[in-house]
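Chains A, B and C, in that order, give the protein sequences. Using numbering that gives the first Met the number 0, read the first sequence as starting at 0 and increasing by one per residue. Using numbering that gives the first Met the number 0, read the second sequence as starting at 0 and increasing by one per residue. Using numbering that gives the first Met the number 0, read the third sequence as starting at 0 and increasing by one per residue. Ideal Cβ positions, reconstructed from N, Cα and C, are used throughout, including at glycine. Here's the structure we're looking at; comments come further down.
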Amino acid sequence: MLSPSIRNLAISCAIFSLLIFVIPEDSHSADIGNCLLCHKYPGLSRVDEKGNLRLLYINEKTFNSSVHSRVKCEDCHTDIKKIPHDTAKKVDCLTECHITEPSTEKKFSHKEVQEYLDKSVHSIYDKKGGLKEYPEDMPTCKKCHDNPLFRPLSFFKGTRYGISEDSMSRCRVCHKKEEFIVKFYNHVTGRLHRIRNPQNIAETCARCHDNPDLVSKYGLSTKAVFSYGETFHGKAAKYLDERIPDCLDCHVNKGESVHQMLGHNDPRSSTYKKNKGKICSNVDCHPKASPKLAAYGMHAEFSLEQSPVQYFYTAFFIVLTGGTLLPLMGIIFLDLIRRLFPDAVIRRRKK
Amino acid sequence: MKDFIKRLYIIAWMGLAVLFMYIIWNVTFNHIIEEYATRQQATEIKQTREELKHKQEKSTFQKVILESEETVKLYLGYRVLEEKRIAGHFHHIDFSIGPDKRSYCITCHGDMPHDNLKEIRAFLNMHSFFINCQTCHVKLEKAKTRLTYKWYDRTTGDLVDSPVMEAAPGMYKAKIIPLEIVNGKYQRLDAKEKIEFANEYREREQTLTEAQKSRAKKLIHKRVSPQPHICEDCHQRENPLLPLRTLGYPEQRIDIILSTEVVGMIKKYTEFYMPRMLHPGERTKK
Amino acid sequence: MAKLPAIKIKDGKKYFFRFTLDQRIQHIVLFVTVIVLVLTGMPLKFHDMAWAAFVYKMLGGIRGAPIVHKVTGSVLLLLFAYHLVYLFYNIYKEELVPLKKAEGLSPLKVLKVLAAQPLVPNFKDAIDIRDLMKYLLFLTDKHPAPRKFSWKEKFDYWVPFWGILIIGLSGLIMWNKILATKLLPGYLINFSLIAHSDEALLAALFLFIWHWYNVHLSTSVFPMGTVFLTGYLSEGLMIEEHYEYYVEVMKKEGLEHEIRPPHGEHGHQARRKEDPPAAADTYNRREGDRTP
Chain A
0 MLSPSIRNLA
10 ISCAIFSLLI
20 FVIPEDSHSA
30 DIGNCLLCHK
40 YPGLSRVDEK
50 GNLRLLYINE
60 KTFNSSVHSR
70 VKCEDCHTDI
80 KKIPHDTAKK
90 VDCLTECHIT
100 EPSTEKKFSH
110 KEVQEYLDKS
120 VHSIYDKKGG
130 LKEYPEDMPT
140 CKKCHDNPLF
150 RPLSFFKGTR
160 YGISEDSMSR
170 CRVCHKKEEF
180 IVKFYNHVTG
190 RLHRIRNPQN
200 IAETCARCHD
210 NPDLVSKYGL
220 STKAVFSYGE
230 TFHGKAAKYL
240 DERIPDCLDC
250 HVNKGESVHQ
260 MLGHNDPRSS
270 TYKKNKGKIC
280 SNVDCHPKAS
290 PKLAAYGMHA
300 EFSLEQSPVQ
310 YFYTAFFIVL
320 TGGTLLPLMG
330 IIFLDLIRRL
340 FPDAVIRRRK
350 K
Chain B
0 MKDFIKRLYI
10 IAWMGLAVLF
20 MYIIWNVTFN
30 HIIEEYATRQ
40 QATEIKQTRE
50 ELKHKQEKST
60 FQKVILESEE
70 TVKLYLGYRV
80 LEEKRIAGHF
90 HHIDFSIGPD
100 KRSYCITCHG
110 DMPHDNLKEI
120 RAFLNMHSFF
130 INCQTCHVKL
140 EKAKTRLTYK
150 WYDRTTGDLV
160 DSPVMEAAPG
170 MYKAKIIPLE
180 IVNGKYQRLD
190 AKEKIEFANE
200 YREREQTLTE
210 AQKSRAKKLI
220 HKRVSPQPHI
230 CEDCHQRENP
240 LLPLRTLGYP
250 EQRIDIILST
260 EVVGMIKKYT
270 EFYMPRMLHP
280 GERTKK
Chain C
0 MAKLPAIKIK
10 DGKKYFFRFT
20 LDQRIQHIVL
30 FVTVIVLVLT
40 GMPLKFHDMA
50 WAAFVYKMLG
60 GIRGAPIVHK
70 VTGSVLLLLF
80 AYHLVYLFYN
90 IYKEELVPLK
100 KAEGLSPLKV
110 LKVLAAQPLV
120 PNFKDAIDIR
130 DLMKYLLFLT
140 DKHPAPRKFS
150 WKEKFDYWVP
160 FWGILIIGLS
170 GLIMWNKILA
180 TKLLPGYLIN
190 FSLIAHSDEA
200 LLAALFLFIW
210 HWYNVHLSTS
220 VFPMGTVFLT
230 GYLSEGLMIE
240 EHYEYYVEVM
250 KKEGLEHEIR
260 PPHGEHGHQA
270 RRKEDPPAAA
280 DTYNRREGDR
290 TP
């Protein structure tokens with residue numbers, strides 16, 4: 000009675016282990032289903048019923064340098080079983096895929112991220128557990144994430160971007176599969192820093208936090224990324240400094256997942272009034288700073304509503320600058336006219 | 000002369016002075032005005048908070064159409080990836096070759112003209128990325144002249160050498176176009192005069208009577224055959240429509256294009272969907 | 000330092016003493032540092048402009064430029080300190096000591112001496128501005144006749160003076176934010192930033208438009224004023240810009256008979272037609288008009 004089920008189990012184990020071992024060998028590992036036969040064409044696209052562009056093109060080279068490069072297409076697009084296929088459903092990021100997490104040997108899934116997110120300020124649920132008034136405004140995976148691309152770092156005698164051939168040569172001594180080495184190298188060094196640079200992080204947050212409709216709808220006191228952009232941190236980010244703190248560095252407690260972000264009114268939050276000082280004075284930033292530094296208005300704006308004191312203070316300088324320079328420009332202009340007609344007045348007076 | 004130059008100099012400076020005033024205004028008092036305007040806007044949004052749907056209807060062309068697409072730069076350190084951002088699109092595009100600027104049809108029908116046949120529209124659009132509309136949509140049934148097929152540059156419209164060997168499949172800066180041979184010279188089916196005719200129709204559409212409109216449309220679409228070429232006209236081993244070798248395809252690629260994989264898939268499609276495709280009357284034309 | 004002659008004659012043309020070597024060097028250090036500071040600072044203020052990234056990259060980018068900015072800022076602050084010492088030492092040595100010897104000092108007298116300094120704004124400036132407006136609006140052909148320093152030059156002095164004070168102080172606070180916030184609350188940095196950047200904008204636009212126009216680019220001096228290098232001003236410009244002072248210096252040097260007529264009125268024509276007697280007449284008549 001047991002034998003058929005054992006046989007089935009054995010077969011599926013065999014297939015499964017085959018898959019595991021086959022994946023890293025093939026250079027187009029993700030594309031077992033030969034999806035790229037069609038999807039490599041950039042013109043593969045259509046306009047959907049709502050008038051949105053659906054681009055069905057996959058750039059193989061870029062995809063292969065993304066963190067999902069070892070995941071098969073059908074692991075995410077689970078509803079596609081045959082070619083040709085019908086209109087695909089939206090991908091559910093919480094699906095378990097055939098990648099195994101090496102330390103636990105469990106199938107990989109993003110479920111835990113969702114758990115974090117559900118407890119965060121960005122959850123679609125309110126504190127009592129009911130749906131928020133506008134759950135559609137809250138971020139879903141794809142509102143913030145596109146396919147993350149590896150940003151490998153080379154630490155071989157100095158740090159720079161990209162893969163270090165010198166390090167690779169050492170990997171090759173023991174590991175023979177080039178494909179595996181490259182991916183592993185990318186994965187590890189890419190994870191040692193942010194997968195997106197500060198400017199790209201800020202841009203991601205800006206899509207909602209600088210959207211004037213949302214800012215007004217939720218009565219936020221600032222367009223957060225705009226005001227961040229007016230600080231030295233933000234400006235340095237704009238000039239592509241990688242060391243500069245972005246939104247996530249301050250808005251999450253050190254060591255926690257960024258998906259656990261909390262509102263500034265939550266006493267557990269890193270931006271809660273009493274905790275702010277710790278964030279500024281953390282070991283990587285301003286270690287010797289007193290908690291008073293945290294009173295710096297990181298999101299200060301020239302806005303009467305946000306801070307009347309700062310508004311009038313700034314307005315004073317504006318009036319001073321404009322009030323000094325504009326009359327002087329006027330004098331230059333008059334001076335020029337006078338120089339254009341140096342003798343004009345004399346003739347009139349002589350009459 | 001010296002006096003004249005001096006006067007010119009003074010006048011140039013007057014222009015500069017005005018420019019400076021404008022700049023100074025912008026960097027000073029204008030901020031106060033802008034801040035006020037932002038506040039007004041914010042109150043307005045708050046007021047319409049309850050009627051958000053109503054607000055969406057009011058949204059302008061600018062907001063809905065022009066601002067819906069943005070370009071993003073991803074700083075990967077070792078390189079900067081610049082691409083169009085499509086909201087909700089997960090995979091990276093990392094590829095751009097610009098629109099086809101020399102096409103008779105695209106001005107009205109757009110870059111992704113295939114919309115009706117749900118099951119294969121993406122495939123058709125994929126092909127129109129490197130095959131000009133007329134290739135499939137003009138059939139010369141009792142042709143006095145014969146059609147030849149060549150590549151033309153998307154931006155300039157000039158005939159060019161085959162791009163097949165230089166780029167990855169389907170990523171060419173050129174498209175295949177049918178050409179007539181008139182008096183020993185190659186001639187496009189959509190001559191410049193015809194494009195002008197179509198453009199003028201677009202500009203004047205609103206002032207025309209119904210009869211004029213339909214006449215103009217008839218003339219513009221004169222050579223469009225009621226039934227286009229179908230997939231199998233090309234994807235078959237025996238006498239395919241497009242002379243792939245002459246178009247510069249290497250044997251290996253021709254094999255793939257005419258392979259059982261592709262042809263088999265087309266067959267599946269044909270079985271399920273082609274009957275509808277062969278009855279264009281069911282389509283609703285815009 | 001040896002005292003320089005009030006009038007130098009070169010190729011038959013008179014040049015009038017304006018600035019000592021010390022002052023000229025101070026000025027050169029000032030403008031070099033200011034230009035570097037503006038170039039390394041403005042790309043941060045106008046970070047969303049296309050030119051900003053380019054300029055910033057040229058000056059060391061986000062890693063290099065801030066260092067350049069701080070070093071240059073320190074030089075400027077040292078210059079400012081030196082200038083203050085120079086200024087008050089000179090006033091003390093040249094005016095207060097003789098005054099003390101002559102009649103003794105009181106706070107009021109010191110204030111009077113300070114108020115009488117040639118760069119301190121006074122009532123004559125108001126008159127000059129009024130005269131200038133009349134002249135510019137074609138109401139009169141009479142050019143204003145400022146003293147040693149015209150109101151424009153006083154502006155040129157006090158705007159950077161005030162600017163360095165504010166910008167320097169706020170810059171120091173932002174530079175030493177950790178130290179500053181040991182005592183003071185963090186939002187002080189916000190206020191410093193606003194003051195620093197807005198005041199810098201005022202100073203930069205003021206210097207690069209107004210100051211450069213007046214001393215280099217207006218048709219009287221184009222293509223370049225040379226007084227900041229030589230320390231001496233040509234007679235033509237002296238007449239145009241400091242007529243009252245010109246007359247004073249000429250009289251002091253015993254060159255009364257060589258005094259030329261003021262700029263404006265027949266000035267243009269007189270110079271063109273080489274007609275000094277008529278012009279001199281005009282001058283005398285107008286001088287006569289002015290004295291009651």
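Three-state secondary structure (DSSP) at residue i?
| i | result |
| --- | --- |
| residue 190(A) | helix |
| residue 166(B) | coil |
| residue 186(B) | strand |
| residue 23(B) | helix |
| residue 166(C) | helix |
| residue 98(A) | strand |
| residue 52(B) | Its pLDDT being 49, under 50, residue 52(B) is placed unreliably by the model, and nothing is read from it. |
Let me see if you follow: with CB-CB separation under 9 Å, is residue i close to chain A or not?
| i | result |
| --- | --- |
| residue 256(C) | no |
| residue 136(C) | yes |
| residue 75(B) | yes |
| residue 80(B) | yes |
| residue 249(B) | no |
| residue 52(C) | yes |
| residue 190(B) | no |
| residue 217(C) | yes |
| residue 121(C) | no |
| residue 97(B) | no |
By how many angstroms is the C-alpha of residue j removed from the C-alpha of residue i?
| i | j | result |
| --- | --- | --- |
| residue 52(C) | residue 36(C) | 16 Å |
| residue 30(A) | residue 71(A) | 6 Å |
| residue 320(A) | residue 24(B) | 10 Å |
| residue 379(A) | residue 25(C) | This structure cannot speak to residue 379(A), because chain A is shown only from 0 to 350. |
| residue 219(C) | residue 29(B) | 34 Å |
| residue 56(C) | residue 65(C) | 12 Å |
| residue 262(A) | residue 270(A) | 8 Å |
| residue 151(C) | residue 43(C) | 30 Å |
| residue 57(B) | residue 10(B) | At residue 57(B), the pLDDT of 49 sits below 50, so the modelled position is not reliable; the number obtained from the coordinates is stated separately. When rounded, the distance between both Cα atoms is 46 Å. |
| residue 217(B) | residue 135(B) | 18 Å |
| residue 173(B) | residue 112(A) | 45 Å |
| residue 45(B) | residue 216(A) | 6 Å |
| residue 87(C) | residue 109(C) | 11 Å |
Quick one, which of the options has its alpha-carbon nearest residue i's?
| i | options | result |
| --- | --- | --- |
| residue 30(C) | 230(C), 219(C), 250(C), 203(C) | 203(C) |
| residue 57(A) | 15(B), 21(B), 168(B), 103(B) | 168(B) |
| residue 225(A) | 206(A), 240(A), 216(A), 241(A) | 206(A) |
| residue 335(A) | 74(B), 3(B), 14(B) | 14(B) |
| residue 155(C) | 147(A), 268(A), 323(A), 138(A) | 323(A) |
| residue 286(B) | 91(B), 76(B), 75(B) | One cannot answer for residue 286(B) here, as it falls past the ends of chain B, which runs 0 to 285. |
Count the other C-beta atoms from every protein chain shown that fall within 10 angstroms of the C-beta of residue i, then say buried if there are 16 or more, exposed otherwise.
| i | result |
| --- | --- |
| residue 32(B) | exposed |
| residue 213(B) | exposed |
| residue 340(A) | exposed |
| residue 8(C) | exposed |
| residue 220(B) | exposed |
State yes or no: is the beta carbon of residue i nearer than 9 Å to at least one beta carbon in chain B?
| i | result |
| --- | --- |
| residue 234(A) | no |
| residue 37(A) | yes |
| residue 247(A) | no |
| residue 128(C) | no |
For residue i, decide whether its Cβ has a neighbour in chain C, counting only Cβ atoms nearer than 9 Å.
| i | result |
| --- | --- |
| residue 380(A) | No answer is possible for residue 380(A): the residues shown for chain A start at 0 and end at 350. |
| residue 72(B) | no |
| residue 219(B) | no |
Give a single yes or no on whether residue i has its beta carbon closer than 8 Å to a heavy atom of the ligand ZN.
| i | result |
| --- | --- |
| residue 149(A) | As far as ligands go, the structure on display features none, and thus does not contain the ligand ZN. |
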